[in-house]
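A quick write-up on the structure given underneath.
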Ligand SMILES: Cc1ncc(COP(=O)(O)O)c(C=O)c1O
């Protein structure tokens, strides 16, 4: 029996359809452009971006925060996608200081310099990083950016070099949220990030000795959390306010509480997005009483659903009980499952809404057993030579691409709505 004749095990998912990513004339399309034609032109791996999407995502978040009335600032986590065309799109939302304009969350001196080179003013850039070296500080201290310190050691070292400077403290609230255990940044077990409650007095002592002006409290609960984990975020925020109370009692003029990034984007039909109004209300409920500015620094939320990653099926092969669908792209350009076990939907470009008739392992072309994109995955009966699209490919993937096995990191096409029609 051929795969085509088997009864469907699942209807094709279509939860992902939206303006800019849809089925046009029976084929998957981004902004009206035909993806198979783009793949033939550029070859795999090919990222195709819908530039309207980061604008939409940022505006939706901004609007939800504005509706609560809380004073707020949104900064894009640059590490999710530092491409100049993406940055131009985000910079284009508003000039420095304009209402609704988006700042930058940087996590390295390189990112600070990149943001400065792409039109951000120092005051719009907030740096929060871990294991910061003296050489890192050479660069960071040369610019009047916001710096959040994530260890007592960092407070001591920056304090010795720049006594009296304004700084923030990143804390580990001892609770977190994340897409799965690979994406939780805070919890009962200490992680490498942030000052823990048991070290807060030492942090306060270090700040005082160096006359540092602590004006910001920062935490990041984890990444990729969805609608069902808002409670987890709220627990982390509640615990962070206990740190805030202690810093205020110690006399520090905290003006900003940065609640980090972490807002996730659904990857499968059964996943629910975060209700942005509910999120904004949680932030406002905890922070309005303090009269502070709420800062949020999303990365993935801004970019994740803004791109697809295209490749071609090069192998369909049964091995024992498992059917492997092999693609001409690898984990060097799509680490989501390899590192984070993050599920992505994989959709045939031709006739993308056909029934799924088989369960397969979708794997890449890197010589490592872990180079897999999905396991036991209900999939359409694809043939060798067919183009497929991996969804939710706009955040982190291209930024983290490597030339492992000397496989190409691929190219990207950036489209505006209407480009392909
Ligand atoms: C401090 C900090 N802020 C923001 C982010 C962005 O996270 P996300 O892309 O999940 O929104 C991260 C991610 O690791 C982070 O560590």
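Residue numbers (the numbering used here): 114 to 534.
Note that CB positions come from ideal geometry on N, CA and C, so glycine has one too.
The C-beta of residue 244 has fewer than 16 other C-beta atoms within 10 Å across all chains shown, which makes the residue exposed. Under the Cβ criterion (8 Å, minimum of three pairs), the region 162-181 does not count as touching the region 444-464. The beta carbons of residue 257 and residue 224 sit no closer together than 8 Å.
Secondary structure at residue 394: helix, using DSSP grouped into helix, strand and coil. Under the three-state reduction of DSSP, residue 269 is assigned to helix. DSSP assignment within the region 355-424 yields the following whole beta strand (DSSP E) runs of 3 residues or more, N-terminal first: 369-371 and 406-409. Taking the Cβ of residue 411 as the reference point, at least one heavy atom of ligand 1 falls within a distance shorter than 7 Å. Note that the region 515-527 touches the region 150-169; at least 3 beta-carbon pairs, one per stretch, sit closer than 8 Å.
A distance below 8 Å separates the beta carbons of residue 338 and residue 346.
Assignment of beta-bridge partners to residue 331 by DSSP yields 283 and 371.
Here residue 489 carries a strand assignment [DSSP, helix/strand/coil]. Annotation for residue 525: the continuous beta strand (DSSP E) segment containing it runs 524-528. Straight-line measurement puts the Cα of residue 272 at about 8 Å from the Cα of residue 322. Relative to ligand 1, residue 418 has its C-beta separated by 7 Å or more from all heavy atoms. Residue pairing by DSSP puts residue 142 in a beta bridge opposite 135 and 147. Per the DSSP secondary-structure output, residue 160 pairs in a beta bridge with 422 and 525. Taking non-hydrogen atoms of ligand 1 into account, the C-beta of residue 202 is found less than 7 Å away from none of them. Set against 7 Å, the gap from the CB of residue 218 to the closest heavy atom of ligand 1 is smaller.
CA-to-CA, the gap between residue 455 and residue 499 works out to about 24 Å. Around the beta-carbon of residue 132, fewer than 16 other beta-carbon atoms lie within 10 Å, marking it exposed. By the neighbour-count criterion, in which 16 or more other beta carbons inside 10 Å mark a residue as buried, residue 128 falls on the exposed side. In this structure, DSSP gives residue 318 a helical state, which the three-state scheme calls helix. The three-state secondary structure of residue 171, taken from DSSP, is helix. Distance from the C-beta of residue 364 to the nearest heavy atom of ligand 1 is not below 7 Å. Under the three-pair Cβ rule at 8 Å, the region 441-450 does not count as touching the region 404-413. Note: residue 502 is bridge-paired with 423 and 460 in the DSSP secondary-structure output.
At the C-beta level, residue 382 and residue 334 stay beyond 8 Å of one another.
No Cβ-Cβ contact shorter than 8 Å links residue 351 with residue 418.
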